[in-house]
Ligand code: GLV
Ligand code: MG
């Protein structure tokens, strides 16, 4: 949500999404940057966010705005701020700079040390090339976020449609390398991987395809730019009832076969399951439970 528009920010409280970020970066005009810091801090202080995670995206470290974005927002509303989204991260020093500044501010304002998390946007060639070091740069890091708009611009992709496949590309998924690179770096450092925006709001099918692809690969979530995008993205990242049932069944069956029968591998409905199947099932089951699904099947021990 652009931090310069209080009407949008007020609306963000009612959306029921997992996280909202109030933007001071690319959705805010240069002439509005300074005024927006106070608006964002007030929106955090005013409350009414329920369980929604509250983040602020500051300007990137190579601008003259970044340091004061952090200082003003944390000094005025640090106790209500969960996370800072750092855009255009090109290397671990960018994250280290923010980590130190947050530590100074937490100390000066009496906040618990390490309270405010960092989410790093990977959205240019340098950021992708350095993504492993970036992912390991600070214990505050919670997520890496792919930024397709800036990434497309950085690489020179011939497209004007953010997040959608560049027209004419005949090689498959143009974002596959970036997605898998970011996902692998995130997992190697125990972070979440989040996919960035899909800008054509009216193209819900295109959004659904983009979200389904990121979810299938293993991403944990995706940004939305408009309330009309929430349903398609939520659906893409939630397992279906059948997937959820099967995941819970695998967990239950595996417990039975390893615990009661003391076998490491067994057959379940024609498919071999073992410890690795259980790990996969745990992830799907956790997503299903988080989405509020309930089981409709139980495991029947053989015989
Ligand atoms: C988001 O910031 C993007 O560049 O896609
Ligand atoms: Mg960007």
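In my numbering, the protein residues as written are 45 to 347.
Where is the CB? At the ideal position from N, CA and C, for every residue including glycine.
Using a Cβ-based criterion (distance less than 7 angstroms to any ligand heavy atom), does residue 136 qualify as near the ligand GLV? no
Hey, residue 135 and residue 174 are a contact pair by Cβ (cut 8 angstroms); roughly how many whole angstroms apart? 5 angstroms
Proximity test, residue 187 beta-carbon vs the ligand GLV heavy atom, cut-off 7 angstroms: no
Starting from residue 312, follow its DSSP beta bridges and name the residues at the other end. 315
With distances taken Cα to Cα, identify the nearest neighbour of residue 332 among 314, 288, 346. 288
Could you name the residues of the same chain whose beta carbon sits closer than 6 angstroms to that of residue 368, not counting the 5 residues immediately before and after it, in chain order? Since the first residue shown for the chain is 45 and the last is 347, residue 368 is missing from the structure and cannot be characterised.
May I ask which residues mark the beginning and end of the beta strand (DSSP E) holding residue 98? 97-101
Could you tell me which whole beta strand (DSSP E) segments of length 3 or greater appear in the region 51-80? 63-67
Counterpart residues of residue 239 in DSSP-defined beta bridges: 266
Helix, strand or coil for residue 292? Go by DSSP, reduced to three states. helix
So who's on the other strand from residue 188, going by DSSP bridges? 164, 237
By the three-class DSSP mapping on this structure, what secondary structure does residue 142 have? helix
Taking C-alpha atoms, which residue in 201, 303, 186 lies nearest to residue 63? 186
Between which two residues does the alpha helix (DSSP H) holding residue 155 run? Where residue 155 is concerned, there is no enclosing alpha helix (DSSP H), given that its DSSP letter is neither H nor E.
Pull up the CB-CB distance for residue 57 and residue 82, whole angstroms please, since I reckon it's below 8 angstroms. That pair is no contact at about 18 angstroms.
Under 8 angstroms by Cβ, that's how I've got residue 195 and residue 222 pegged, so tell me the actual separation to the nearest angstrom. 6 angstroms
Any heavy atom of the ligand GLV closer than 7 angstroms to the Cβ of residue 193? yes
Is it the case that the Cβ atoms of residue 237 and residue 255 are separated by a distance below 8 angstroms? no
With C-beta atoms as the reference, is residue 167 less than 8 angstroms away from residue 160? no
Span of the alpha helix (DSSP H) holding residue 337? Premise fails: residue 337 is in no alpha helix (DSSP H) and is neither H nor E.
From the DSSP output, in three-state form, read off residue 304 for me. coil
Considering Cα atoms alone, identify which of 284, 310, 282 is closest to residue 295. 310
State the Cα-Cα distance for the pair residue 70 and residue 335, rounded to the nearest angstrom. 31 angstroms
Beta carbon of residue 96, beta carbon of residue 61: below 8 angstroms? yes
Contacting residues, own chain, Cβ-Cβ under 7 angstroms from residue 270 (five flanking each side not counted): 245
Quick check on residue 129: does DSSP put it in helix, strand or coil? strand
Between 300, 318, 183, 215, which lies nearest to residue 347 when the distance is taken from Cα to Cα? 300
Quick check on residue 345: does DSSP put it in helix, strand or coil? coil
Closer than 7 angstroms by C-beta to residue 98: which residues in its own chain qualify, once you throw out the five before and the five after it? Chain order, please. 64, 88, 124, 125, 126
Should residue 240 be counted as a contact of the ligand GLV given a C-beta to heavy atom distance under 7 angstroms? yes
Using the C-alpha atoms, what's the distance from residue 248 back to residue 268? 11 angstroms
On a CA-only basis, which of 344, 284, 323 is nearest residue 337? Give me that one, please. 284
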